[in-house]
Amino acid sequence: MPTAIIWFRNDLRLRDHPALNAALKAGLAPVPVYIHAPDEEGEWGPGAASDAWRHRSLVALDADLRQRGTRLRVFAGDSLATLQAIAAANGAQAVFWNRRYDPVIEARDTRIRRELRRHGLRAEGHNGSLLFEPWQVETKAGDPFRVFTPFWKAALSRWNPPRPRPAPDALPAFEALPDEVAIGDLRLQPSPRWDTSFWGGWTPGEHGADAALQAFTSGALQDYRDGRDRPAQTMTSRLSPHLHFGEITPWRIVEALEHIGPADQRAAYVRELGWREFAHHVLHHFPHTPDANFSSRFDDFDWADPAPATLHAWQHGRTGVPIVDAGLRELWATGWMHNRVRMIVASFLTKNLRIHWRHGARWFWDTLVDADLANNTLGWQWVAGTGVDAAPYFRVFNPVLQARKFDPQGEYIARWVPELRALPARARHAPWEVSATDREAIGDYPDRPMVDLPDSRRDALAAFAKLKQR
């Protein structure tokens, strides 16, 4: 039976897999292949937390394939050369994959497709991760969108998500291929194992994605619109890493939501999926934005030159601002941070410390298990005020007021900043305001924020005013 290589990347699942289904539809026996080539991803190669997740997701995918009679073929090295070698050894007629949209990877895949076709192979990319391809939605003038609301309105007018499809019951086995390696040989797991604390709350793989979706639809979805902003409660879907690694598709999530929960709650969540679509739309049309301000006027902004000690204190949750420190410690311990807290943390870095958003984006990239170039870029530039449809720079989150509004009892703070558990709930938001007696109960936690919050806000606004004058 003629064969086709299925080149797995960030689509580590068997259901709803357009590349795999294309091979089966064409009557070709699928050869599941994963090639580890991080150097081909340029300056934004995978971070350490992403690698730790990927290891477990690859193991899960391999186990699912073995249950169906085959296994994942793993390689390390040049992607094009590896695909050509596999095709020669196996007699493959085609290579199918699901598209990725990071600019460097898009360019690489274009070169690979051209070269494979030049050598007589059928080579096809498919949409395996988005409700809309980044180029499908455009303004009436044919331009890309720069504002979310009209983008999403236009997207909904084209709404036609694919229907979920089951995984194949069985797949053919093949002999070993030259130069295969074991998943462990890729050394994706960290050493020493600093990721151990991650896995009590996460289960990478397609089955873990199913469990997360089930937990969300049977629980948090019922009060998602308001509850998603409360970090002390499990009121978000926690599907972001599963979506990033393609362990579940957005259209399977949408289908699961069709008849569950109140309509307004469903719409609120689907709108968040819309922001993910918008992020990929922006990255595709403005590929410079992971490294440069979308709004070029901020190239002249008076960013602070970050002292290593200042950046280290922010990274490791020692700023003296409890809600900020709680978020960064949650990130370090779990590989994830609540979205409301991500905004507070980012505002503190880019406004109160006036440190360029790129420093924050790089830290998130290395420490988040859901580190996605499109989402990470859009999120940081949105908070910093430098991106498309961004919050204006003069909107500075007050971290104390944010904590009092969204973590009123200080439960989230107490969970991640245990030095403050002994304080009364309201005192946890601003411990520098408590009495000397209460101060003795919080040990070596910083006496005050590393910068004065009102003063640093005024300095940020003054810098922005100076920029406008230019």
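All residue numbers for the sequence shown refer to our numbering, where the first residue is 439 and numbers rise by one.
Even for Gly, the Cβ is constructed at its ideal location relative to N, Cα and C.
- Judged by DSSP secondary structure, residue 589 falls within the alpha helix (DSSP H) whose first and last residues are 586-595.
- Shown here for residue 493: same chain residues with a beta carbon closer than 6 Å to its own, the five before and five after excluded, namely 626, 627 in chain order.
- Scanning the stretch 658-744 for uninterrupted alpha helix (DSSP H) segments of 4 residues or longer gives 662-665, 678-682, 688-695, 701-723, listed from N- to C-terminal end.
- Secondary structure at residue 571: coil, using DSSP grouped into helix, strand and coil.
- With contacts defined as CB atoms closer than 9 Å, residue 758 and residue 888 qualify as a contacting pair.
- Here the alpha carbons of residue 774 and residue 635 stand approximately 12 Å from one another.
- When DSSP reads this structure, residue 850 sits in no beta bridge, so it has no partner.
- Note that the stretch 836-846 touches the stretch 864-884; at least 3 beta-carbon pairs, one per stretch, sit closer than 8 Å.
- Nearest neighbour of residue 477 by Cα position, chosen from 485, 470, 471, turns out to be 485.
- Closest in C-alpha terms to residue 448, from the list 568, 884, 741, comes 568.
- Just measuring C-alpha positions, the residue of 464, 701, 490 sitting nearest residue 630 is 490.
- One alpha carbon belongs to residue 843, the other to residue 851, and they sit about 13 Å apart.
- Every unbroken stretch of the alpha helix (DSSP H) spanning 4 or more residues and falling wholly within the stretch 790-859 is given here in chain order: 795-805, 811-822, 837-844, 849-854.
- Here the stretch 581-600 makes contact with the stretch 713-727; the two share three or more CB pairs at distances below 8 Å.
- Just measuring C-alpha positions, the residue of 561, 641, 589 sitting nearest residue 573 is 589.
- Boundaries for residue 576: no alpha helix (DSSP H) harbours it, and the DSSP string shows neither H nor E there.
- The Cβ-Cβ distance between residue 824 and residue 894 does not fall below 9 Å.
- Under the three-state reduction of DSSP, residue 535 is assigned to strand.
- As the crow flies, the alpha-carbon of residue 776 is around 13 Å from that of residue 809.
- With a cutoff of 9 Å on beta-carbon distance, residue 807 and residue 487 are scored as near each other.
- Three or more beta-carbon pairs separated by less than 8 Å are not found between the stretch 660-670 and the stretch 529-548, which leaves the two stretches without contact.
- A distance below 8 Å between beta-carbons, with the five flanking residues on each side excluded, links residue 462 to the following residues of its chain, in chain order: 468, 606.
- DSSP places residue 618 in the coil class of the three-state scheme, outside both helix and strand.
- Counting the other Cβ atoms within 10 Å of the Cβ of residue 698 gives fewer than 16, which makes it exposed.
- Residue 863 and residue 881 do not touch by the CB rule: their CB atoms are close to 18 Å apart, not below 8 Å.
- Taking the Cα of residue 526 as reference, the smallest distance to any Cα among 563, 845, 616, 752 is reached at 616.
- Close CB contacts of residue 641 within its chain, under the 7 Å cut and outside five residues either way in sequence, are with 649 (chain order).
- Out of 760, 704, 817, the CA that lies nearest to the CA of residue 846 is found in 760.
- Measuring C-alpha to C-alpha distances from residue 646 to each of 579, 496, 519, 856 identifies 496 as the nearest.
- Beyond the five residues adjoining it in sequence on each side, residue 651 comes within less than 7 Å, by CB distance, of 677, 686, 691, 694 in the same chain, given in chain order.
- Counting of Cβ neighbours within 10 angstroms places residue 500 among the buried residues, the total reaching 16 or more.
- In the three-state scheme derived from DSSP, where H, G and I count as helix and E and B as strand, residue 756 is classed as coil.
- For the pair residue 795 and residue 805, the CB atoms are not nearer than the 9 Å cut-off.
- At a Cβ-Cβ threshold of 9 Å, residue 565 and residue 537 count as neighbours.
- Residue 511: member of the beta strand (DSSP E) spanning 511-514, first to last residue.
- If the five residues before and after residue 548 are omitted, its C-beta is found closer than 7 Å to no C-beta atom of its own chain.
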